[in-house]
Amino acid sequence: MPISTKEIKSLLSLLSFKRFFNYLGVWCGYFISATTNRTIIITSPYAISIETNTNCNLRCPECPTGNSSLTRSTGIIEPEHFNKIIDEIHHKTFYLNLFFQGEPFLHPELAVMAKYAVKKRMFVCISTNGHFLDKENCKRIVKSGVHKIIISLDGTSQETYEKYRKGGNFNSVTNGIETMGRTKNELNSSFPIIEVQMLVNRYNEHEITAMKTLCKKLGADRLELKSMQLGLHPEFLPENKIITRYYKSPDGTLKPLNKFKNRCKRLWTTAVITWDGQMASCCYDKNAEFGPGNVFSSPILTLWKSKEMNAFRKRVLSQRAEIEICRNCDE
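The sequence shown begins at 416 in the working numbering and counts up one residue at a time.
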């Protein structure tokens, strides 16, 4: 689903000459690389994802945090380390996803960090499971200037919602969405954009129309229907092939519906940083296995253009289907 007009206008208002030409350079490098099968990186990433922490209150079965399969060290980012990253990249990088693994609202300084990035004229987006959107947290987020909040809601009742969101409470999330909307109105703010995200699966695919109605009732700005990444739990595979990434082969295993193209724009556009400073290759590199190093000991741009990152990009340009983390990617 395309981004909203409000988001586009907000992003355009944050563009400087440096950011604009860097953005053009990112896409030029990507298209040249995809066309020539040569790795061309001539600019900084225009977007960055920073992990606030690796903790979560839910036990979602396909999530490395929820199913306890995350193998790297766990922890919480220090605000001064976060500020260091922002200071280093904000001149050309202008889109910040303040999340990776874990629930962002479990970081006590989330709103403070978000505000710091907003002051650097970055577009800030937070993704949450929605269980911590009480009045005070909503006030902090609205006052911080966060531009967009993505709230996961995978059903229109507790029964369907908790099929995937293990340990979650449907009413807590819907109340949180309403609270965020009311808080925006009370503070006379048009931000954050409230986007409800529904992971479509076998248990909730019949509720899409009802979800659209519910989102309007709750005061959300938009609904994003997203296909699920599946590996451990094929039982979540939807029957509707339009809203899934897979098909079930005769032997019962899941296979990607789309043919893999030897390219991936994420490797040219978005840097991903873990709570302890490891640069992951992309957002599907959950354990940061394919990253080039640590941003607290090396400059971000040096790692972004490093031979290690370029070697991984080269693999994607030539043999993407053979890379394990790429097999569930919807790119």
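Even glycine gets a Cβ: it sits at the ideal position worked out from N, Cα and C.
Spatial distance of I623 from R660 (CA atoms):
Distance between the alpha carbons of I623 and R660: 17 Å.
I'd like to check one pair, L568 with T589: are the Cβ atoms closer than 9 Å?
Against a cut-off of 9 Å, the Cβ pair of L568 and T589 comes out as a contact.
Which two residues bound the contiguous alpha helix (DSSP H) that contains Y445?
Annotation: the continuous alpha helix (DSSP H) that includes Y445 extends over F432 to T451.
Which whole-angstrom value describes the C-beta separation of E518 and M643, a residue pair presumed to lie in contact below a C-beta threshold of 8 Å?
With a beta-carbon spacing of about 19 Å, E518 and M643 fall beyond the 8 Å limit used to define contacts.
Beta-carbon contacts of R572 that lie in its chain and below 7 Å, excluding the five residues immediately before and after:
Sequence check: residue 572 is Ser here, not Arg. F585.
Whether I463 touches T420 by CB criterion (9 Å)
No, Cβ-Cβ distance for I463 and T420 is not below 9 Å.
Buried or exposed: which applies to Y662, given that a residue is buried once 16 or more other Cβ atoms fall within 10 Å of its Cβ?
When all chains shown are included, Y662 counts as exposed.
Opposite K670 in the DSSP bridges: which residues?
Bridge partners of K670: Y662.
Among the residues of its own chain, which have a CB less than 6 Å from the CB of M724, if the five just before and after it don't count?
Closer than 6 Å at Cβ, skipping near neighbours: P707.
Residues that G509 bridges to, as DSSP identifies them
Looking at the sequence shown, residue 509 is not Gly but Phe. DSSP links F509 through a beta bridge to no other residue.
Short of 6 Å in beta carbon distance, which residues of its chain neighbour A532, apart from the five on each side in sequence? Order them along the chain.
Taken in chain order, the residues that qualify are I501, L511 and V539.
If you compare alpha carbons, which of N677, K670, P653 and K433 is closest to T451?
Proximity to T451 across N677, K670, P653 and K433 peaks at N677, based on C-alpha coordinates.
On the DSSP bridge list, what partners appear for M694?
Note: M694 sits in a beta bridge opposite I688 and G708.
Which residues mark the beginning and the end of the alpha helix (DSSP H) in which F585 is found?
In the DSSP assignment, F585 falls within the unbroken alpha helix (DSSP H) covering F585 to E601.
Bounding residues of the alpha helix (DSSP H) (the contiguous stretch that carries R755):
Within the shown structure, residues of the chain are numbered from 416 to 746, placing residue 755 beyond reach of any answer.
Is the closest heavy atom of the ligand HEM to the C-beta of E422 under 8 Å?
No copy of the ligand HEM appears in this structure; indeed no ligand is present at all.
Would C698 pass as a contact of V731 if the rule is Cβ separation under 9 Å?
For the pair C698 and V731, the CB atoms are not nearer than the 9 Å cut-off.
Let me confirm a value: P758 is counted as buried when at least 16 other C-beta atoms fall within 10 Å, else exposed. Which label applies?
Within the shown structure, residues of the chain are numbered from 416 to 746, placing residue 758 beyond reach of any answer.
How many angstroms separate the CA atom of F727 from the CA atom of L716?
One Cα belongs to F727, the other to L716, and the distance between them is close to 16 Å.
Put E577 into one of helix, strand or coil per three-state DSSP.
In the structure shown, E577 falls within a helical segment according to DSSP collapsed to helix, strand and coil.
State the start and end residues of the unbroken beta strand (DSSP E) segment that holds F538.
F538 -> beta strand (DSSP E) spans F538 to T543.
Check whether the segment 623-632 and the segment 573-584 are in contact - that is, three or more C-beta pairs closer than 8 Å.
Pairwise C-beta distances place the segment 623-632 out of contact with the segment 573-584, as fewer than three of them are shorter than 8 Å.
Proximal residues to Q693 (C-beta, below 6 Å), its chain only, five neighbours per side dropped:
Answer for Q693: A703, G706 and N709, listed in chain order.
When the Cα of C475 is compared with those of T486, M537, L647 and P523, which residue comes out closest?
Taking only the C-alpha atoms, the option nearest C475 is L647.
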